[in-house]
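Sequence lines, in order, name chains E and F.
Heads up: the first sequence begins at 1 in UniProt numbering, then just goes up one per residue.
Heads up: the second sequence begins at 1 in UniProt numbering, then just goes up one per residue.
Built from N, CA and C at the ideal position, the CB exists for glycine as well.
Small disclaimer: the values here were computed from a predicted structure and weren't measured.
Structure first, commentary second.
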Amino acid sequence: MIMENVNNSSGMNTESNTHDVLDSDQITNDESWKNKSRHIFIFSSAGKPVYSRYGCEDELVTLFGVMQALVSFVQDNDDAIEAIFFGNKLLVFLIKGPIILVAVSRNKESVKFLVKQLMYVYNQVVSVLTLTRVTRIFEQRLNYDLRRLLAGSERLIDHLLTFTENQPEFLLDGISCLPLSSAVRESISQAIISTCSKIKNLVFAILIANDKLITLIHMKKYVIKPSDLHLIINMVSSFESFKTAESWTPICLPNFDSSGYLHGHVSYLTEECQACLLLLTVDADLFHELSEAKKKITEKLQRNQSINVISNVISNPVLTMNNVNISTVRHFLYKCKKSSHILAPPMPPPYDTPENSIELLQHYQILHSAMKDGSSNLRLIFQQFKTEVMLGYVTEKFELYVTLDPLISKASSTDAVDKLIRWIQKEEDKFFIPHVPNF
Amino acid sequence: MTMTSNTEISLKNFFIYHVSFGQTEGHEEEKVLYFHPRGTKMDIQMKEVGLSEAIVKFTETFSSDLCDTLQTQKTKKFFFKPEENIWIIMTVNLPTCLVGKEKLDGIEYLPNEVQNPVFLAVLRQAYLAAKLFLGPFQRLIDKENGSPDLLKKKLDFFFTKYLLTLNLKKCDIIDLFQGVQFLPLDKPTFLHAHCFVNLVEANFPVVQYSVLLFNEQLVWSGLPAEDAQVVYRYLVNSLLPCHSNSSPDGKRSTAKSNRFVTGPENLTDINITFSNKVPRVFLSHVPHPGFFNLVVYRIHETTLSLLIPGNETVRLDFYRRLDSFLYKRLEKIDCELNEYKEQPSSSGPSNASDTLDQDIRFVYFNSMNLATKSILDKKRDPGGQTIPKELLRLLVDVQQHQKWLAESGDLSNETMVKTISDHWVVGKMSNNRQFYIAVERKRANLIEINDEVRKLCDQQLKSIFFHV
């Protein structure tokens with residue numbers, strides 16, 4: 001009976017001793033722990049802790065036990081617990097077989113938003129272990145401590161969470177591309193294709209810089225979803241060590257194939273050009289062949305000068321609000337629906353401080369959630385905030401969220417948005433990759 | 001159970017428990033003060049209470065904010081703690097629809113169609129309605145030396161009837177505000193009504209508070225806004241509709257026996273003191289909270305409610321004097337109010353609607369005096385369509401969106417949205433006033449809608465501030 005479980009914490013988990021319970025009480029009574037803007041917990045369906053974003057899991061044994069009890073109590077009634085609302089706070093459960101994830105947020109997000117964030121965290125775990133392995137482990141031992149296998153991966157989860165909270169790519173389910181003329185991008189793709197087309201079992205070749213996509217070449221019939229690409233980008237930016245040596249790393253892409261690993265050859269083009277090339281294959285013995293291929297690709301890119309172009313764009317961003325030059329438009333986010341590529345200029349003053357940029361992103365999130373997560377889907381939203389006016393606009397082709405001067409009239413705001421759309425469409429080739437080439 | 005059609009929201013259970021009862025093992029069932037449906041097995045009752053207590057305790061780990069909603073795949077549970085140690089819980093089954101090709105792939109639950117704030121307001125209103133007749137729950141327990149038995153009986157009596165009247169399918173933004181509709185008047189008419197109420201109170205000092213209604217609209221109330229709201233809803237939703245149904249010759253009857261909506265059936269029997277013939281209602285926000293006798297007197301469309309302290313015995317003699325004092329005077333007020341209503345220049349929802357475009361609806365709410373004004377429920381032309389559910393829900397979405405913006409510092413703000421089915425909703429919030437406008441108009445643009453809203457504001461919100 002659940003009441004007993006909760007009131008009598010020592011009976012909650014047979015393995016927790018008195019010491020654990022005491023520690024647990026201490027941390028959950030800590031105000032700074034309570035006030036964290038977003039907690040994330042992972043545990044197994046047996047109540048074994050796997051991950052806590054703040055505080056050591058061992059100090060939270062009681063809490064994990066309570067959460068597990070709530071989940072199984074509702075399951076016993078042939079139902080599933082989804083969310084708890086308290087004040088402006090929200091707690092969301094995501095139950096994925098033997099793994100249970102919980103998010104606690106103080107930021108008044110929608111259930112959908114938090115479920116998506118938990119889904120990313122779950123995918124990160126699968127990406128490290130593969131679903132087949134996770135399932136097998138818990139079939140064999142329900143009480144298994146998954147932390148043994150995830151040691152070292154906490155950092156990936158932490159980094160991914162920061163990404164989901166700070167980057168518009170997560171909000172819009174899209175990928176930013178490094179701005180390049182279509183001719184340069186084409187020559188880069190060709191250099192890769194001409195080198196790799198003969199290599200069997202190469203599934204994806206991906207070139208990224210600054211978390212932005214330069215090009216992606218895929219084996220026929222296989223596509224890569226933005227959320228898988230986000231995991232790849234997360235991996236690359238989580239580990240500095242990729243910069244110093246070429247690596248051979250297993251990675252599972254949950255939306256591509258959750259049952260097995262791809263093997264990735266990961267390396268930066270040159271010391272001067274901080275673009276990272278990933279060659280992903282299903283063949284575990286391909287390292288040397290791919291290593292050779294990478295050298296050839298780098299040579300070709302040096303010969304046709306593209307490597308200098310890439311370095312230049314990395315150090316001198318070509319997309320700024322000054323280039324856009326529409327005086328009433330302060331900032332915007334644009335997503336091309338067909339390619340899922342997005343355009344998100346760096347935030348100009350006054351949004352260029354960490355605090356202000358997070359606040360603006362939160363406003364975008366409010367707008368996005370009002371448009372998509374309410375009881376009906378919206379086509380347009382005009383929202384006046386204290387410090388700016390924002391406008392969201394969704395069509396068959398694109399999603400657009402614009403930040404405008406605070407006192408702008410409705411007529412001027414629609415004019416400005418029309419101008420902006422025309423500007424983006426004119427520059428489309430530079431910012432988006434219309435056709436993803438294959439080998 | 002396999003379902004073969006779409007289902008609508010329904011009430012799964014409704015219960016009240018007291019945290020400090022049933023603490024000893026084996027006596028847990030003492031916690032339960034009321035449980036609907038009646039006859040629910042005790043172990044199910046205990047599981048429901050146990051889950052609710054566990055959820056409340058669990059959320060305390062993260063915040064002192066009280067838990068208000070638990071969402072599961074199939075249900076939503078709404079929590080309300082009206083008094084120390086007392087929780088009221090209402091669980092609803094989520095509506096479902098059939099999905100997939102030929103609707104054979106199974107069912108999908110629709111949590112978004114059950115909007116939390118609306119049902120939390122419904123739950124709160126249920127408590128306020130109970131408190132109006134029972135008084136605070138703990139007070140009743142204390143009066144019985146700590147025994148909850150009398151409270152349990154009274155809760156059972158009250159809620160068994162009350163829950164039957166709950167129509168969850170029809171709950172919308174109006175339930176969210178639970179507001180009072182004021183009758184907008186010009187100054188002379190309003191002052192006449194006000195003077196009349198003062199005169200009654202001066203001549204009958206035993207009367208502590210008065211409430212004057214014209215049809216379903218409030219003309220004058222001497223009560224604090226929170227109490228006025230609860231009394232108003234009782235009068236408008238329960239008492240007056242019952243009374244007009246029971247009078248055989250309809251509204252215009254002025255027969256003596258019918259003038260007292262609550263009170264004696266006739267004024268001639270000298271042997272009876274009618275002290276307990278009138279409802280006793282509990283007022284919570286007056287300087288001396290307690291029970292009051294509610295005497296309601298009605299002529300034509302005008303209703304005067306008088307609140308007399310519960311310890312006063314109201315004798316037949318009082319009703320006779322009251323009747324002879326009120327009869328002519330109230331009839332005159334009724335005439336005046338009717339005349340004002342007939343004037344073409346007067347504004348008010350009934351008249352304003354004539355000048356409104358057919359595709360525009362609105363709700364206004366002032367959180368200071370709890371005034372609402374709305375044209376929402378039906379199209380003004382009798383053959384017209386009712387407002388789409390999607391649009392009703394969007395009004396709540398926009399209201400919640402703005403409420404949250406206001407809480408996070410954007411005190412006055414404006415939101416305009418357009419749905420994929422070409423419905424527009426505009427929300428304006430400032431100085432505790434909220435105004436929501438829905439427009440169903442194809443191919444309109446932001447600027448046209450903005451102009452419509454500006455026109456509507458000029459037209460509708462001028463006279464209403466008279467009462468603020």
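{"query": "Rounded to whole angstroms, what is the Cα-Cα separation between residue 123/F and residue 89/F?", "result": "8 angstroms"}
{"query": "Report yes if the CB atom of residue 201/E is closer than 8 angstroms to the CB atom of residue 286/E, and no otherwise.", "result": "yes"}
{"query": "Going by DSSP, what residue range makes up the beta strand (DSSP E) through residue 32/F?", "result": "32 to 36"}
{"query": "What I want to know is whether the C-beta of residue 171/F ends up closer than 7 angstroms to one or more non-hydrogen atoms of the ligand HEM.", "result": "Among the components of this structure there are no ligands whatsoever, and the ligand HEM is therefore not found."}
{"query": "Mind listing the chain E neighbours of residue 75/F? Cutoff is C-beta to C-beta under 8 angstroms, in chain order.", "result": "79"}
{"query": "Return no unless some Cβ of chain F is closer than 8 angstroms to the Cβ of residue 419/E.", "result": "no"}
{"query": "For chain E, is any of its Cβ atoms less than 8 angstroms away from the one on residue 65/F?", "result": "yes"}
{"query": "Can you find a CB in chain E that lies within less than 8 angstroms of the CB of residue 247/F?", "result": "Its pLDDT being 49, under 50, residue 247/F is placed unreliably by the model, and nothing is read from it."}
{"query": "Return the bridge partner residues of residue 438/E from the DSSP annotation.", "result": "218/E"}
{"query": "Flag this pair as touching only if the region 383 to 401 of chain F and the region 454 to 462 of chain F have three or more C-beta atom pairs under 8 angstroms; answer yes or no.", "result": "no"}
{"query": "On the DSSP bridge assignment, give the partners of residue 423/E in chain order.", "result": "Residue 423/E pairs with nothing; no bridge assigned."}
{"query": "With burial defined as no fewer than 16 other Cβ atoms inside 10 Å of the residue's Cβ, what is the status of residue 18/F: buried or exposed?", "result": "buried"}
{"query": "Check whether chain F comes within 8 angstroms of residue 2/E, counting only Cβ atoms and requiring the distance to be less than that.", "result": "The predicted position of residue 2/E is uncertain, since its pLDDT is 36 and thus under 50; a value taken from the coordinates is nonetheless stated next. By this cut-off, residue 2/E is an interface position."}
{"query": "For a contact defined as C-beta to C-beta under 8 angstroms, what are the partners of residue 262/F on chain E?", "result": "Within chain E, no residue comes near residue 262/F; the closest Cβ sits about 40 angstroms away, beyond 8 angstroms."}
{"query": "Using a Cβ-Cβ cut-off of 7 angstroms (strictly less than) and excluding sequence neighbours within five positions of residue 104/F, which residues of its own chain qualify?", "result": "none"}
{"query": "Note down, in chain order, each residue of its chain lying with its Cβ closer than 8 angstroms to the Cβ of residue 82/E, except the 5 sequence neighbours on either side.", "result": "92, 93 and 111"}
{"query": "Write down every uninterrupted run of the alpha helix (DSSP H) in the region 118 to 144 of chain F whose length is 4 residues or greater and which is fully enclosed by it, in chain order.", "result": "137 to 143"}
{"query": "If I follow the unbroken beta strand (DSSP E) through residue 281/F, where does it start and stop?", "result": "280 to 283"}
{"query": "Rounding to the nearest angstrom, what Cα-Cα distance links residue 439/F and residue 328/E in this structure?", "result": "28 angstroms"}
{"query": "Use the C-beta contact count for residue 222/E: other C-beta atoms within 10 angstroms, 16 or more gives buried, fewer gives exposed.", "result": "exposed"}
{"query": "Using the Cβ count rule (16 or more neighbours within 10 Å means buried), how would you classify residue 140/E?", "result": "exposed"}
{"query": "Let me make sure I understand the geometry here. Which of 99/E, 180/E, 164/E and 53/E has the alpha-carbon closest to that of residue 234/E?", "result": "164/E"}
{"query": "Between which two residues does the alpha helix (DSSP H) holding residue 413/F run?", "result": "No alpha helix (DSSP H) holds residue 413/F; the beta strand (DSSP E) holding it covers 413 to 419."}
{"query": "Where residue 83/F and residue 422/F are concerned, what is the direct C-alpha to C-alpha distance, given to the nearest angstrom?", "result": "45 angstroms"}
{"query": "Counting beta carbon pairs with one atom in the region 286 to 298 of chain E and one in the region 347 to 367 of chain E, are three or more of them shorter than 8 angstroms?", "result": "no"}
{"query": "List the residues of chain E that residue 87/F touches, going by C-beta distances under 8 angstroms, in chain order.", "result": "Residues of chain E passing the Cβ test: none, with the nearest at roughly 13 angstroms."}
{"query": "Scan the region 49 to 110 of chain F and note each continuous beta strand (DSSP E) run of 3 residues or more that stays entirely inside, going in chain order.", "result": "67 to 72, 75 to 83, 86 to 93, 96 to 98 and 107 to 109"}
{"query": "Go ahead and label residue 24/F buried or exposed: buried means 16 or more other beta carbons lie within 10 angstroms of its beta carbon, across all protein chains shown.", "result": "exposed"}
{"query": "Just to make sure I have the definition right: I need the residues of chain F whose C-beta is within less than 7 angstroms of the C-beta of residue 383/E. Which are they?", "result": "415"}
{"query": "On the three-pair Cβ rule with 8 angstroms, is the region 246 to 262 of chain E touching the region 174 to 193 of chain E?", "result": "no"}
{"query": "Determine, for residue 22/E, whether the minimum Cβ-Cβ distance to residues of chain F falls below 8 angstroms.", "result": "Note on residue 22/E: pLDDT 43, under 50, position unreliable in the model; no value is reported."}
{"query": "For residue 93/F and residue 38/F, what's the separation of their Cα atoms in angstroms?", "result": "17 angstroms"}
{"query": "Identify every residue that forms a DSSP beta bridge with residue 18/F.", "result": "86/F"}
{"query": "Given a threshold of 16 other Cβ atoms within 10 Å of its Cβ, counted over all protein chains shown, does residue 206/F qualify as buried or as exposed?", "result": "exposed"}
{"query": "Please give me, in chain order, every unbroken run of the alpha helix (DSSP H) with length at least 4 that falls completely inside the region 129 to 168 of chain E.", "result": "131 to 140, 147 to 150 and 154 to 166"}
{"query": "Taking 8 angstroms as the limit between beta carbons, can you name the residues of its chain near residue 150/E, skipping five residues before and five after?", "result": "50, 51, 125, 128 and 129"}
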